[in-house]
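Asker: Each residue of the sequence shown is one higher than the last, beginning at 203 in my numbering. Ideal Cβ placement from N, Cα and C applies to all residues, glycine included. Just so we're clear, the structure is a prediction, and the values are computed from it rather than from any experiment. Sharing a structure with you now.
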Amino acid sequence: MTISELDKKYVAGTYNRFPVEIVSGKGSTLTDSCGKEYIDMGSGIGVTAMGFGDEEWISAVTEQLGKVQHTSNLYYTEPCAKLASMLCEATGMKKVFFANSGAEANECAIKAARKYAAEKKGSEYYTIISLCNSFHGRTLTTLAATGQEHYHELFQPLTPGFMSTPANDIEALKALVSSVKTAGIIMECIQGEGGVLPLEDGFVKAVAQLCKDEDIILIIDEVQTGNGRTGKTYAYMHFGITPDIVSTAKGLGGGLPLGAALLGEKVENILGFGDHGSTFGGNPVACAGAISVFSRLTPEFLEEVKAKGEYVFETLSGAEGVESICGKGLMIGIKTKKPVGDVISACIEKGVLCLSAKDKLRLLPALNISLDELKKAVDVIKEVCSE
Ligand SMILES: *Cc1c(COP(=O)(O)O)cnc(C)c1O
Numbered sequence: 203m204t205i206s207e208l209d210k211k212y213v214a215g216t217y218n219r220f221p222v223e224i225v226s227g228k229g230s231t232l233t234d235s236c237g238k239e240y241i242d243m244g245s246g247i248g249v250t251a252m253g254f255g256d257e258e259w260i261s262a263v264t265e266q267l268g269k270v271q272h273t274s275n276l277y278y279t280e281p282c283a284k285l286a287s288m289l290c291e292a293t294g295m296k297k298v299f300f301a302n303s304g305a306e307a308n309e310c311a312i313k314a315a316r317k318y319a320a321e322k323k324g325s326e327y328y329t330i331i332s333l334c335n336s337f338h339g340r341t342l343t344t345l346a347a348t349g350q351e352h353y354h355e356l357f358q359p360l361t362p363g364f365m366s367t368p369a370n371d372i373e374a375l376k377a378l379v380s381s382v383k384t385a386g387i388i389m390e391c392i393q394g395e396g397g398v399l400p401l402e403d404g405f406v407k408a409v410a411q412l413c414k415d416e417d418i419i420l421i422i423d424e425v426q427t428g429n430g431r432t433g434k435t436y437a438y439m440h441f442g443i444t445p446d447i448v449s450t451a452k453g454l455g456g457g458l459p460l461g462a463a464l465l466g467e468k469v470e471n472i473l474g475f476g477d478h479g480s481t482f483g484g485n486p487v488a489c490a491g492a493i494s495v496f497s498r499l500t501p502e503f504l505e506e507v508k509a510k511g512e513y514v515f516e517t518l519s520g521a522e523g524v525e526s527i528c529g530k531g532l533m534i535g536i537k538t539k540k541p542v543g544d545v546i547s548a549c550i551e552k553g554v555l556c557l558s559a560k561d562k563l564r565l566l567p568a569l570n571i572s573l574d575e576l577k578k579a580v581d582v583i584k585e586v587c588s589e
């Protein structure tokens with residue numbers, strides 16, 4: 203059997219894979235089992251923040267592997283403590299809970315919001331409000347938070363106590379908050395899976411104010427937008443707000459599974475011994491890799507991310523076959539005249555790997571993609587759109 207046949211026979215059929223078997227990568231270039239090369243504009247859905255074969259990341263990870271690969275959370279390890287301090291110093295958040303994925307980071311955020319509200323206002327204040335068209339994960343609870351009905355249908359009953367309201371409609375949100383006993387509001391500053399849709403500046407600020415006024419926990423889901431992706435360390439920083447909880451994952455580990463819930467002042471001590479946990483969370487190898495990624499998100503590096511994003515915007519906006527382009531930094535959504543599936547297939551043919559989000563082409567290249575690779579990929583996308 204070929205690898206794709208073996209995979210189809212034995213791996214659960216939850217993924218509709220492209221007919222590409224990847225064997226290795228260097229920088230932002232991947233090589234398949236036939237020796238064909240691709241420029242990677244998806245970075246494993248925003249995960250491989252520093253690309254492939256990155257020496258600094260590899261040596262951080264392998265050095266830690268050579269020391270100890272796992273300890274459980276019964277003991278202290280340096281990478282876990284150090285990474286937590288870096289995340290707090292960069293954000294002003296106070297404490298970090300480490301998980302292994304975005305969904306798990308959100309689970310922690312939701313538990314923290316509910317416990318805070320229960321202690322502060324009473325256990326009937328449990329509702330978590332999210333936005334329509336959002337995406338917060340695949341567990342039964344984070345699916346409940348995900349404001350897209352089609353994800354819910356087959357898995358009822360989901361965790362109760364979740365409601366959604368339209369993005370950018372502060373009056374609708376206020377009306378909901380005044381009629382429902384609310385623990386928290388969760389939102390992405392740029393809805394990623396929903397189609398790379400940035401929230402309006404005024405809406406984000408108004409939500410933050412509402413949360414402050416009503417003592418509601420504001421959870422910003424930075425699983426996709428975080429860790430330099432949009433040209434700031436976290437996307438909420440574009441809006442001048444301070445969330446109560448920031449959840450993140452994807453790019454944080456640079457390719458190893460790592461999620462984190464950053465807990466702000468209000469909730470820093472809300473989770474005590476035994477309230478939450480994870481066997482793998484804060485794994486020293488994953489944290490060592492994350493330190494290598496996170497320590498490179500300097501102002502100069504983030505300026506480069508912004509400049510690369512602007513290059514993509516400038517080259518593709520108004521190009522033939524491109525209807526619109528949205529996003530921030532290196533999180534970019536492109537509405538193409540052609541169906542996005544056709545664009546992606548044609549790009550694969552021509553050696554470029556892209557993502558989709560709803561009906562848009564979505565680009566999430568490695569943050570350190572070389573200008574040369576970026577230019578080549580954008581040229582291919584431009585050509586494919588115009589054909
Ligand atoms: C990907 C994503 C998640 C889920 O992350 P997993 O690691 O797949 O659990 C949650 N929220 C947002 C905004 C995401 O983009």
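Can the beta-carbon of T279 be found closer than 8 Å to that of T273?
Answerer: For this step, residue 279 is matched to residue 77 along the sequence shown. For this step, residue 273 is matched to residue 71 along the sequence shown. Contact: yes.
Asker: Taking the alpha-carbon positions, what's the C549 to C556 distance?
Answerer: To locate residue 549, count along the sequence shown from 1; it is residue 347. To locate residue 556, count along the sequence shown from 1; it is residue 354. Spanning the alpha carbons of C549 and C556 requires a straight line of approximately 7 Å.
Asker: Count the other CB atoms within 10 Å of the CB of N429; is the residue buried (16 or more) or exposed (fewer)?
Answerer: Indexing the sequence shown from 1 puts residue 429 at position 227. With 16 or more other Cβ atoms within 10 Å, it is buried.
Asker: Which parts of the stretch 511-569 are runs of the beta strand (DSSP E), unbroken and 3 residues or longer, counting only runs that do not cross its ends?
Answerer: Segments of the beta strand (DSSP E) lying fully in the stretch 511-569: 524-530, 533-538, 557-559, 562-565.
Asker: Do you know whose CA, among I443, L532, T538, K508, lies nearest S519's CA?
Answerer: Start at 1 with the first residue of the sequence shown, and residue 519 comes out as number 317. Per the Cα distances, T538.
Asker: Less than 7 Å separating the Cβ of E308 from some heavy atom of ligand 1?
Answerer: In the sequence shown, counting from the first residue as 1, residue 308 sits at position 106. Note that residue 308 is Asn in the sequence shown here, rather than Glu. The answer is yes for N308.
Asker: So, under 8 Å CB-CB, G394 and F337 are touching, yes? Tell me the CB distance rounded to an integer number of Å.
Answerer: Position 192 of the sequence shown holds residue 394. Position 135 of the sequence shown holds residue 337. Sure, about 6 Å apart at Cβ, within 8 Å.
Asker: Looking at the structure shown, is Y240 part of a helix, part of a strand, or coil, going by DSSP?
Answerer: Indexing the sequence shown from 1 puts residue 240 at position 38. Here Y240 sits in strand by DSSP.
Asker: Is it buried or exposed, I205, if we count other Cβ atoms within 10 angstroms and call 16 or more buried?
Answerer: As a first step, residue 205 is located in the sequence shown; it is residue number 3 there, counting from the start. It is exposed - the Cβ of I205 has fewer than 16 other Cβ atoms within 10 Å.
Asker: Would you say E390 touches ligand 1, meaning its beta carbon is less than 7 Å from a heavy atom?
Answerer: Residue mapping note: residue 390 aligns to position 188 of the sequence shown, counting from 1. Annotation for E390 indicates a beta carbon within 7 Å of some heavy atom of ligand 1.
Asker: Is F357 buried or exposed, if buried means 16 or more other CB atoms sit within 10 Å of its CB?
Answerer: Stepping through the sequence shown from its first residue, residue 357 is reached at position 155. Exposed is the call here.
Asker: Using only the alpha-carbon positions, how far apart do T250 and S230 sit?
Answerer: Walking along the sequence shown from the start, residue 250 turns up at place 48. Walking along the sequence shown from the start, residue 230 turns up at place 28. Cα to Cα, T250 sits roughly 9 Å from S230.
Asker: I need the straight-line Cα distance from G253 to D415, nearest angstrom please.
Answerer: Translated into positions along the sequence shown, residue 253 becomes position 51. Translated into positions along the sequence shown, residue 415 becomes position 213. Cα to Cα, G253 sits roughly 42 Å from D415.
Asker: At what residues does the beta strand (DSSP E) containing D403 begin and finish?
Answerer: Taking the sequence shown and counting its residues from 1, the one referred to as residue 403 is at position 201. For D403, there is no enclosing beta strand (DSSP E); the enclosing alpha helix (DSSP H) has its first and last residue at 403-416.
Asker: Take V582 and list the residues in its own chain whose beta-carbon comes closer than 8 Å to its own, dropping the five residues that flank it on each side.
Answerer: Position 380 of the sequence shown, counted from the first residue, corresponds to residue 582. These residues qualify, in order along the chain: I241, C549, K552, G553, V554.
Asker: Which of helix, strand or coil does DSSP assign to M252?
Answerer: Here the question's residue 252 lines up with position 50 in the sequence shown. Residue state, collapsed to three classes: coil.
Asker: What is the DSSP secondary structure of M288, reduced to helix, strand or coil?
Answerer: As a position in the sequence shown, residue 288 is number 86, starting the count at 1. If DSSP states are grouped into helix, strand and coil, M288 belongs with the helices.
Asker: Pick out the complete alpha helix (DSSP H) segments inside the stretch 356-397, 4 residues or longer, and give them in chain order.
Answerer: 372-381
Asker: Would you mind giving the Cβ-Cβ distance between F300 and A462, rounded to the nearest angstrom? I have them listed as a contact below 8 Å.
Answerer: Locating residue 300 in the sequence shown gives position 98, where the first residue counts as 1. Locating residue 462 in the sequence shown gives position 260, where the first residue counts as 1. Sure, about 5 Å apart at Cβ, within 8 Å.
Asker: Taking S332 as part of the beta strand (DSSP E), name the residues at either end of that continuous run.
Answerer: As a position in the sequence shown, residue 332 is number 130, starting the count at 1. Note, S332: beta strand (DSSP E), 329-333.
Asker: Would you report the Cα separation of I392 and I571, rounded to the nearest angstrom?
Answerer: By 1-based counting over the sequence shown, the position of residue 392 is 190. By 1-based counting over the sequence shown, the position of residue 571 is 369. Roughly 21 Å between the two C-alpha positions.
Asker: Assuming the contact rule is C-beta atoms closer than 8 Å, I447 and I421 should be a hit. Round their C-beta distance to whole Å, please.
Answerer: Residue 447 sits at position 245 when you count from the first residue of the sequence shown. Residue 421 sits at position 219 when you count from the first residue of the sequence shown. Going by Cβ atoms, the distance from I447 to I421 rounds to 5 Å, so yes, they are a contact pair.
Asker: G466: which of V222, V542, A286, I247 sits nearest, CA to CA?
Answerer: Here the question's residue 466 lines up with position 264 in the sequence shown. For G466, the nearest C-alpha among the options comes from A286.
Asker: Which of helix, strand or coil does DSSP assign to E257?
Answerer: As a first step, residue 257 is located in the sequence shown; it is residue number 55 there, counting from the start. Note: E257 maps to helix in three-state DSSP.
Asker: If distances are taken between C-alpha atoms only, which option among L473, G474, P400, A492 comes closest to T450?
Answerer: Start at 1 with the first residue of the sequence shown, and residue 450 comes out as number 248. For the residues L473, G474, P400, A492, the minimum Cα distance to T450 belongs to A492.
Asker: In terms of residue numbering, what span does the alpha helix (DSSP H) encompassing S336 cover?
Answerer: Mapped onto the sequence shown, residue 336 falls at position 134. Unbroken run through S336: none, as it is neither H nor E.
Asker: Hey, would you say F364 sits closer than 8 Å to I419, going by beta carbons?
Answerer: By one-based count along the sequence shown, residue 364 stands at place 162. By one-based count along the sequence shown, residue 419 stands at place 217. Contact: no.
Asker: Rounded to the nearest angstrom, what separates R498 and I260 at their Cα positions?
Answerer: Numbered from 1 along the sequence shown, position 296 holds the residue referred to as residue 498. Numbered from 1 along the sequence shown, position 58 holds the residue referred to as residue 260. Those two C-alpha atoms are separated by around 14 Å.
Asker: Comparing the CB of H338 with every heavy atom of ligand 1, is any distance shorter than 7 Å?
Answerer: For the purposes of this step, residue 338 is taken as the residue at position 136 of the sequence shown. Within the cutoff, so yes.
Asker: Please state whether DSSP places G456 in a helix, a strand or coil.
Answerer: On the sequence shown, residue 456 is found 254 positions in, with the first residue counted as 1. Strand at G456.
Asker: Under 7 Å: does the beta carbon of A305 sit that close to some heavy atom of ligand 1?
Answerer: Counting from one through the sequence shown, the residue named residue 305 turns up at place 103. Result yes, Cβ under 7 Å from ligand 1.
Asker: Can you tell which of E291, G523, G433, D574 has its C-alpha closest to the C-alpha of I534?
Answerer: The residue given as residue 534 occupies position 332 in the sequence shown. Nearest option by C-alpha distance: G433.
Asker: Would you tell me roughly how many angstroms separate the C-alpha atoms of C413 and I387, rounded to the nearest one?
Answerer: For this step, residue 413 is matched to residue 211 along the sequence shown. For this step, residue 387 is matched to residue 185 along the sequence shown. Whole-angstrom Cα-Cα distance: 8 Å.
Asker: Please work out which residues of its chain come closer than 7 Å, Cβ to Cβ, to E309, disregarding the five sequence neighbours upstream and downstream, and give them in chain order.
Answerer: Start at 1 with the first residue of the sequence shown, and residue 309 comes out as number 107. Closer than 7 Å at the Cβ level, and outside the excluded window around E309, lie T341, T343, T344.
Asker: Would you mind sorting Y217 into buried or exposed? The rule is 16 or more other CB atoms within 10 Å of its CB.
Answerer: In the sequence shown, counting from the first residue as 1, residue 217 sits at position 15. Classification for Y217: exposed.
Asker: P445 to T435, Cα distance in whole Å?
Answerer: Position 243 of the sequence shown holds residue 445. Position 233 of the sequence shown holds residue 435. Between P445 and T435, the C-alpha separation is close to 14 Å.
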